[in-house]
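With positions in the sequence shown counted from 1, the corresponding number in the working numbering is that position plus 67.
Single-structure report; data block below.
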Amino acid sequence: MSISESIYLTMLTLITTFKCSSACLNCCFECNPNKEEKISYNDAERYIRTSLATFNSIKVVVLTGGESFLDLPFLIKLINNYGLICRVVTNGFWAKSYENAVRILKLCKEAGLNEINYSTGDEHLEFVPLESVVNGIKAALDLELITVVNIESAEERNFKMCDLIKNEGLKPYINSNKARILKFTNGIWMPFTQEGLKSLPKLYTKIAHPCKQRCTNLFSAITISPTNRLYACCGLPVKYIKYLDLGDVHIHEIEALYKQQFDDFMKIWLFVDGPYRILMFLEEKLGHEIPECRVLSHSCFYCACLFTNKQYLSAAKRYYRDRYYSVMLKFSFLIKQMNNIKK
68 MSISESIYLT
78 MLTLITTFKC
88 SSACLNCCFE
98 CNPNKEEKIS
108 YNDAERYIRT
118 SLATFNSIKV
128 VVLTGGESFL
138 DLPFLIKLIN
148 NYGLICRVVT
158 NGFWAKSYEN
168 AVRILKLCKE
178 AGLNEINYST
188 GDEHLEFVPL
198 ESVVNGIKAA
208 LDLELITVVN
218 IESAEERNFK
228 MCDLIKNEGL
238 KPYINSNKAR
248 ILKFTNGIWM
258 PFTQEGLKSL
268 PKLYTKIAHP
278 CKQRCTNLFS
288 AITISPTNRL
298 YACCGLPVKY
308 IKYLDLGDVH
318 IHEIEALYKQ
328 QFDDFMKIWL
338 FVDGPYRILM
348 FLEEKLGHEI
358 PECRVLSHSC
368 FYCACLFTNK
378 QYLSAAKRYY
388 RDRYYSVMLK
398 FSFLIKQMNN
408 IKK
């Protein structure tokens with residue numbers, strides 16, 4: 068069994084479009100209403116069919132964007148026809164009333180939708196009012212759809228998770244058995260502007276935090292963009308890091324592009340240690356402080372710092388041999404654990 072076959076790959080993520088009803092300042096794909104790129108039905112069908120034929124462990128297809136609800140029902144039905152779980156990520160712009168939300172989601176559920184994820188927070192709320200998000204949540208719960216709400220999280224944010232939990236319209240749901248299929252999560256909002264970078268809170272190197280953990284995003288999914296690119300992950304800076312762009316799926320086979328990653332030590336290093344720990348290793352080797360390691364952000368922020376700084380990349384190439392054997396040993400243990408999960 069090859070290494071790639073040992074990884075527990077369970078998900079296919081289709082970034083269906085870069086077009087969006089919103090134009091959030093820190094959107095990782097710079098989505099807005101003027102973007103036109105999208106995955107066609109024929110391409111979506113081919114991606115699903117090919118991925119399943121190669122990786123029979125895939126169980127879930129995630130539709131995200133951009134705003135996936137702009138071209139949704141036909142894709143949900145397609146995914147359902149393959150017997151897969153369908154998850155959709157949306158900002159909820161379409162839920163202008165409870166009645167409209169029920170009507171739309173009922174069609175989606177009949178097509179085979181299993182789970183819906185809403186994104187909201189300060190930047191999203193500039194374009195999609197909270198009322199629409201609440202309408203969408205209520206409709207999804209009434210239709211017994213698994214519902215996840217991801218709230219932009221940062222120290223200076225005005226809208227926080229507690230504001231949604233205290234919402235009068237949601238209280239009856241939160242205090243009922245509907246709460247079993249409802250989950251709220253804090254998504255650390257990664258800044259892409261200088262103003263956003265300045266607002267990041269301090270992070271002390273000796274304090275444990277999830278952002279310091281290994282990257283579980285790599286190798287775990289097949290991620291395809293509306294421009295036919297296979298991405299190494301669906302992480303926030305993936306569009307801006309050429310290294311994470313594996314190639315054109317209209318030119319190369321998905322299987323070949325995916326499996327070539329396992330010949331790349333840097334990706335294995337990220338998978339084992341994560342970008343924050345790699346930067347801290349480089350800080351020790353360079354003999355001076357890396358300032359990005361002193362602010363708290365998304366794990367993808369540290370990945371972006373690593374791959375957009377020539378000094379850090381040069382140091383990684385110079386000193387990676389000092390970590391090579393320990394990283395590969397840890398990687399082999401992780402592979403064994405994943406094999407046990409598969410069994």
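Glycine included, C-beta positions come from ideal geometry on N, C-alpha and C.
Here the structure is a predicted model, which is why all the values come from computation and not from measurement.
Cβ-based burial, His365 [other Cβ within 10 Å; buried from 16]: buried
Three-way DSSP call (helix, strand, coil) for Cys224 in this model: Note on residue identity: the sequence assigns Arg, not Cys, to residue 224. Coil, per DSSP.
Pairwise C-alpha distance: Phe348 and Cys34: In the structure as shown, the chain starts at 68 and stops at 410, and residue 34 therefore has no counterpart that could be examined.
Host beta strand (DSSP E) of Asn148 (start-end): Premise fails: Asn148 lies in the alpha helix (DSSP H), 140-148, not in any beta strand (DSSP E).
Tyr10, enclosing alpha helix (DSSP H) - first and last residue: The chain is shown from 68 up to 410; residue 10 falls before or after that span and cannot be answered.
Neighbourhood of Met414 by C-beta distance below 8 Å, restricted to the same chain and skipping five residues each side: In the structure displayed, the chain extends from 68 to 410; residue 414 sits before or after that span and is not available.
From Cys300, Leu401, Ser292, residue whose alpha carbon lies closest to that of Asp340: Leu401
Length at least 4, wholly inside the region 237-315: the alpha helix (DSSP H) runs in chain order: 238-241, 261-265
Endpoints, beta strand (DSSP E) assigned at Arg154: 152-157
Touch test, the region 111-130 against the region 147-165, Cβ-Cβ under 8 Å, three pairs minimum: yes
Enclosing beta strand (DSSP E) for Phe186 [first to last residue]: Inspection of the sequence shows that residue 186 is occupied by Ser rather than by Phe. Unbroken beta strand (DSSP E) run through Ser186: 182-187.
Continuous beta strand (DSSP E) stretch holding Val362: start and end: Run containing Val362: none; DSSP gives neither H nor E here.
Selection from Asn284, Thr290, Asn253 that minimises the alpha carbon distance to Ser54: Nothing about residue 54 can be reported from this structure: the residues present for the chain run from 68 to 410 only.
Same chain only: Cβ atoms within 8 Å of Leu210, ignoring 5 sequence neighbours per side: Val169, Leu172, Lys173, Lys176
Which of helix, strand or coil DSSP assigns to Val128: strand
Enclosing alpha helix (DSSP H) for Glu171 [first to last residue]: Residue identity check: residue 171 is Ile in the sequence provided, not Glu. Per DSSP, Ile171 belongs to the alpha helix (DSSP H) from 165-178.
Reference Asn99, options Asp315, Ala178, Leu212, Phe194, closest by Cα: Phe194
Residues bridged to Ile213 (per DSSP): Glu182
Cutoff 7 Å; reference Asn234; Cβ partners in own chain excluding five residues on either side: Val201
Cβ-Cβ distance between Thr157 and Phe136 below 8 Å: yes
Inter-residue Cα distance where the pair is Ala162 and Ile106: 24 Å
Alpha helix (DSSP H) segment containing Thr121, residue limits: 108-121
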